[in-house]
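A.B. asks: Protein chains in written order, with my numbering: chain V, 1 to 184; chain S, 185 to 368.
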DNA sequence: TTTATTCGGAAACGATCATTCCCTATTATC
DNA sequence: GATAATAGGGAATGATCGTTTCCGAATAAA
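(1) Can you find a CB in chain V that lies within less than 9 Å of the CB of residue 274 (chain S)?
(2) Output yes or no for whether 9 Å exceeds the beta carbon distance between residue 330 (chain S) and residue 315 (chain S).
(3) From what residue to what residue does the alpha helix (DSSP H) around residue 197 (chain S) run?
(4) Please classify residue 272 (chain S): does DSSP put it in a helix, a strand, or coil?
(5) Return the residue from the list V:104, V:178, V:10, V:35 that minimises the CA-CA distance to residue 332 (chain S).
(6) So, are the CB atoms of residue 53 (chain V) and residue 96 (chain V) less than 9 Å apart?
(7) Is there a Cβ from chain V that is less than 9 Å from the Cβ of residue 227 (chain S)?
(8) List the residues of chain V that residue 208 (chain S) touches, going by C-beta distances under 7 Å, in chain order.
(9) Give me the residue from V:9, V:22, V:87 with the minimum Cα distance to residue 56 (chain V).
(10) Using a Cβ cut-off of 9 Å (strictly closer), state whether residue 300 (chain S) contacts chain V.
(11) For residue 79 (chain V), decide whether its Cβ has a neighbour in chain S, counting only Cβ atoms nearer than 9 Å.
(12) 9 Å is my cut-off, CB to CB: does residue 193 (chain S) come that close to chain V?
(13) Thinking C-alpha only, which one of S:321, S:328, S:234, S:292 is nearest residue 368 (chain S)?
(14) Taking the alpha carbon of residue 124 (chain V) as the point to measure from, which residue in V:105, V:71, V:150, V:113 has its own alpha carbon closest?
(15) Could you list which residues in chain V have their beta carbon closer than 8 Å to that of residue 342 (chain S), in chain order?
(16) Grab the span of the alpha helix (DSSP H) containing residue 38 (chain V) for me, first residue to last.
(17) Counting only Cβ pairs nearer than 7 Å, list the residues of chain V close to residue 198 (chain S).
(18) Against chain V, with Cβ distances strictly below 9 Å, would residue 338 (chain S) count as a contact?
(19) Can you tell me which of the three DSSP states residue 71 (chain V) falls into?
(20) Does residue 368 (chain S) get closer than 9 Å to chain V when you measure Cβ to Cβ?
(21) What does the alpha-carbon distance come out to for the pair residue 90 (chain V) and residue 305 (chain S)?
(22) With a cut-off of 9 Å, does the C-beta of residue 246 (chain S) fall near any C-beta of chain V?
(23) Rounded to whole angstroms, what is the Cα-Cα separation between residue 6 (chain V) and residue 76 (chain V)?
(24) By a C-beta neighbour count over all protein chains shown, 10 Å radius and 16 as the cutoff for buried, is residue 133 (chain V) buried or exposed?
(25) Suppose you measure from the CA of residue 164 (chain V) to the CA of residue 87 (chain V); what does that come to, to the nearest Å?
(26) Would residue 102 (chain V) count as contacting chain S if we go by Cβ distances under 9 Å?
(27) Determine the burial state of residue 3 (chain V): buried for a count of at least 16 other Cβ atoms within 10 Å of its Cβ, exposed for fewer.
(28) Give me the Cα-Cα distance between residue 299 (chain S) and residue 231 (chain S), rounded to the nearest whole angstrom.
(29) Out of S:345, S:350, S:365, which one is the CA nearest neighbour of residue 269 (chain S)?
(30) Any Cβ of chain V within less than 9 Å of the Cβ of residue 306 (chain S)?
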């Protein structure tokens, strides 16, 4: 079932919510129509489950990428680099279900909007935490405002997914090199 | 007709492409079904026309906002501030048709993807130009790389539209204050 | 005044959508 | 070994989609 959900994630990432038919889902999940409706109340429920699954996986990936840094500043650098990588190539082309949910459904579905907000705020808190760690270990100046910088970095990461979906190339080292100025 | 197209822009911004039915369009444009198909080949053509209309208006708004600055650095500051304002409140909630096109259609419609790319690259060139102006007038250090910084700023602006659509509040002065560090 | 033409409006079309229902295996229980 | 219960597969359903077609009104030409 989790593997079926992973396949649903891919379809929703690639095609978004409205362009994904139940037929697309059953084909991707290798499940019949009836089976999908046995497991989920309706299409929105499939989307919400896929959303949570995606968010969980991405949270872990982001955290493990950050963990590779030796101090707060380096952890932020690795996190940003990880975001660029995921915004590029096949995965970048496929897209992010959080960005898709925000753009396609935030205005139409309060339930989805709440999940998107929760995910964005969780990420923002994580980034702000990394900044504070950096200030504690001396790798980031004290005058950096964690909340403001974190919110701008959220804009950067979400924007990278948009640009990546449009297939503009992103150079990780150069982009992150510039972005690290925000911690000066 | 241009006023009808403006109404179509609003609907496509708010609901995206697939969630907007011809019925939604005719209601918003105050046109009958037949009249829409007299003026446009199909739904995609309406979207492309709305896209171009939106892009043109936004280009002018961005340029006139930038023009309020006395030097390159100040022009960039005003441009970023303008983007935050447009990403907030009613207009932010409504959304950006370029971001919507990128997220919802870039993977499915090569024609839309080409328009999105063109719009992003135009904006990026404009920003890179402002940076070079700032370097020429001494308001921006010479070691700033125009292309890399411009691409990151594109990520920032597109990301702000995503975050604004999710209805997270954005503080213009604080956000732009942080972003201006990229020009240090 | 009459005729031809253009323009907008609404009904009708086939296709596709999300959803429901029913049937068939398979497993577990007694 | 028989039976009840459950999970999965696929056809049927009503609604809605994008699109086409036809009709009437308004305008311009004759």
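Backbone N, C-alpha and C fix where the C-beta goes; we use that ideal spot for every residue, glycine too.
C.D. replies: Taking the structure as given:
(1) no
(2) yes
(3) 186–199
(4) coil
(5) V:178
(6) no
(7) no
(8) Simply none; closest approach about 12 Å.
(9) V:9
(10) yes
(11) no
(12) no
(13) S:328
(14) V:150
(15) 158, 159, 162, 163
(16) 33–39
(17) 107
(18) yes
(19) coil
(20) yes
(21) 21 Å
(22) no
(23) 28 Å
(24) buried
(25) 5 Å
(26) yes
(27) exposed
(28) 11 Å
(29) S:345
(30) no
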